[in-house]
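First comes the structure, then the notes that go with it.
Chains as they are written, first to last, in this note's numbering: chain A, 17 to 116; chain B, 34 to 678.
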């Protein structure tokens, strides 16, 4: 997936495109593709709108850390979670999705 | 829970205050419960649900405080639509039959306050008196931020006690707090004032998170900068354990070590149990006059229960070791690693633990499917769990592979054993795929799984889990399995025939049923004797070995440890003088036993877990058809290969 270049808009990419160690802010406003149950579970597990995540294992499936919680997320869910990379975190946004 | 379902109102029937214990998964809730109740707890189902919980009694060391604790299932939220959350909601609203609490003990992980407080807020909106247990305090002390329990208590409007379920730290203070709140009336002014400190019930997840963030900021102070090297190390370990190739390789190695430990270590207590039941049966025969009562006690009751309890050491070891693996944080990583493989068969990583447990015994395996959130995936896992080669199949494998290996090189038996396990697993996964493409159609639920922190597992906790599971197994052996054993004994022992054991078997109801059904098994090469063996093993497959031993004239109490039994069974002849166990028939019988559903307790548990007889009927029918077809193909293929017609 290509990365938007319009600097007036925040750069939003799928969670699966983050690099190991990279941090990002989650945008849950467009999780409508996910079943209601999965969406509610993600919220309850700590992945709410504008929370900060750190990628522990990139690709599909991926492992992310929210505070001290680590979540394993399958590719089909992770691809639907859009995030805005935090600029000073390690890794580069927009890298090709790694299929582990 | 069933045991307390007759109690009405708050507290138990003896007037002891009842405390509902709630919390997110992986907060150490059960460890704290075990610390408080020790062996004074039991596992049972909550009424009207398949969710399992525990109920126990806690007595403070000074004897002043006595409480009944109800360990409710861990859930991430009260508002999500999963059985665990429903049970918690029902308990707090008083609609869970007979389990109305006087107060709540909310267990929160002190190292993960932000998320845990969101759940705590949902719970505290219920107007029961409450205590917050700030658990894992020993770990939290080593972290970069320090929580102030007093400030947290002020913000939440209820007592907050720093504790450690692992070390026992803070339990005296927890006793005092629980004693105080259980004396508060439901809906008192203090409790109503608490509600004003909490976000309203209809708050959005983001607003709830913001409220929690505010409370955490107010109640914690940063004491050091974040240690990123620790996170990087855990990242590397996670990457290895969840790697699609390396992770599965590590998983297979751990499982091989686990099963080797189970079979090696358990053999000594298993032999001891076998020996003890044999001696007691001999004693009963010697003490009682020859007749029906002695036969019933020795052959029906003692042989029946002993034949099942002999597997108790293996089951205990399995639960102990799996509990250690779970406590260490590894099991969730293993489920994550195999998720990709399981998805090809319509299952997910959540099905992995039940199928793994089924290799020891399908009963705990089927019960552990309660972890699976998707109902269709759970049903598919229940249906195929008995395909996994359980420990009860082992004596049959030993006998039949022993017969097949006569005159073969030493490696043959090892390959045949591995082949049996592989055949069972492959049949289970393929059956799951068929079920998920037909009657249980639907994609595998996407995996979202919490990977708990790595910890040194608690031996005490694993021992308590094992004790609890062993109790359930023994209760089952004393009820369902005892009843089956007596029925089987009656079918084998009546009508009474004067003569040897072989004649008795042939003329008994079981024998006559075998004779009548022999034409059905004739295409597999089974004669009437082998048919009797197969028929008697439909209740419990391990019965096959003793039945064949009796039919071969090897006498009662035969087992595969006796080489003479193997030789006598291998030498059994049909009425035309040809061997019963020719290579094609032996191979067909082995395949049949790998795949057939021959365990009544498993069918009973499937009925209980699915709430319908439809599913155990389907399970039995499908496995029997698969076993019969595979055995038929095996018999034809081996016969053709060896040029036998």
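Note that the Cβ used here is the ideal one computed from N, Cα and C, for glycine as well.
All values derive from a computational prediction rather than experimental measurement.
- Close partners of residue 40 of chain A in chain B (Cβ separation under 9 Å) are lacking, with about 16 Å as the shortest Cβ gap.
- Nearest in C-alpha terms to residue 101 of chain B, of all of B/413, B/51, B/607, B/313, is B/51.
- Going by DSSP, residue 395 of chain B is part of the alpha helix (DSSP H) stretching over 395-400.
- For residue 541 of chain B, no beta strand (DSSP E) run applies, since DSSP gives it neither H nor E.
- For the stretch 481-506 of chain B, the beta-carbon criterion of a distance under 9 Å to any beta-carbon of chain A is satisfied by 481, 482, 483, 484, 485, 486.
- In this structure, the alpha-carbon of residue 393 of chain B lies about 12 Å from that of residue 293 of chain B.
- In this structure, the CA atom of residue 353 of chain B is about 26 Å from the CA atom of residue 88 of chain A.
- Cβ-Cβ distances below 6 Å link residue 367 of chain B to 284 in the same chain, with the five nearest sequence neighbours on each side left out; the list follows chain order.
- Between residue 97 of chain A and the set A/58, A/38, A/35, A/37, the nearest pair of CA atoms involves A/58.
- Using a Cβ-Cβ cut-off of 9 Å, residue 103 of chain A does not count as an interface residue toward chain B, since no Cβ of chain B sits closer than that to its own.
- For residue 83 of chain A, the nearest beta carbon of chain B is closer than 9 Å to its own beta carbon.
- Counting only runs of 4+ residues, the alpha helix (DSSP H) found wholly inside the stretch 112-173 of chain B occupies 116-126, 146-157, 170-173, in chain order.
- In this chain, the alpha helix (DSSP H) harbouring residue 455 of chain B covers 444-470.
- Annotation: Cβ neighbours of residue 109 of chain B in chain A (cutoff 7 Å, chain order): 57, 60, 61.
- Distance check between residue 273 of chain B and each of A/28, A/61, A/79 places A/79 closest, using alpha-carbon atoms only.
- If only uninterrupted alpha helix (DSSP H) runs of at least 4 residues are considered, those enclosed by the stretch 198-247 of chain B are 204-214, 222-228.
- Residue 110 of chain B: not part of any alpha helix (DSSP H); DSSP gives it neither H nor E.
- When DSSP states are grouped into helix, strand and coil, residue 43 of chain A belongs to the strand group.
- Within the model, the alpha-carbon separation for residue 74 of chain B versus residue 185 of chain B is close to 31 Å.
- With its beta carbon at least 9 Å from every one in chain A, residue 185 of chain B lies outside the interface.
- In the DSSP secondary-structure assignment, residue 606 of chain B is bridged to B/612.
- Listed by position along chain A, the residues whose Cβ is nearer than 8 Å to that of residue 271 of chain B are 72, 73, 79, 86.
- At the C-beta level, residue 490 of chain B and residue 59 of chain B stay beyond 9 Å of one another.
- With respect to the C-alpha of residue 66 of chain B, the residue from B/497, B/536, B/663 having the closest C-alpha is B/497.
- Under DSSP, residue 660 of chain B takes part in no beta bridge, so it has no partner.
- Scanning chain B for C-beta atoms nearer than 7 Å to the C-beta of residue 36 of chain A yields 268, reported in chain order.
- DSSP places residue 56 of chain B within a strand segment (E or B) once states are collapsed to three.
- At a Cβ-Cβ threshold of 9 Å, residue 244 of chain B and residue 416 of chain B do not count as neighbours.
- Interface with chain B (9 Å Cβ-Cβ cutoff): residue 54 of chain A is included.
- Each residue's CA atom was taken as its position, placing residue 672 of chain B and residue 617 of chain B some 6 Å apart.
- In the structure shown, residue 64 of chain A falls within a coil segment according to DSSP collapsed to helix, strand and coil.
- Residue B/160 holds the alpha-carbon nearest to the alpha-carbon of residue 222 of chain B among B/160, B/281, B/213.
- Under the Cβ distance rule, residue 29 of chain A does not count among the residues neighbouring chain B, no pair being separated by less than 9 Å.
- By DSSP's assignment, residue 101 of chain B forms a beta bridge with B/51, B/90.
- Residue 115 of chain B and residue 358 of chain B have their C-alpha atoms roughly 25 Å apart.
- Neighbours of residue 66 of chain A in chain B, taken as residues whose beta carbon is under 8 Å from its own, are 239 in chain order.
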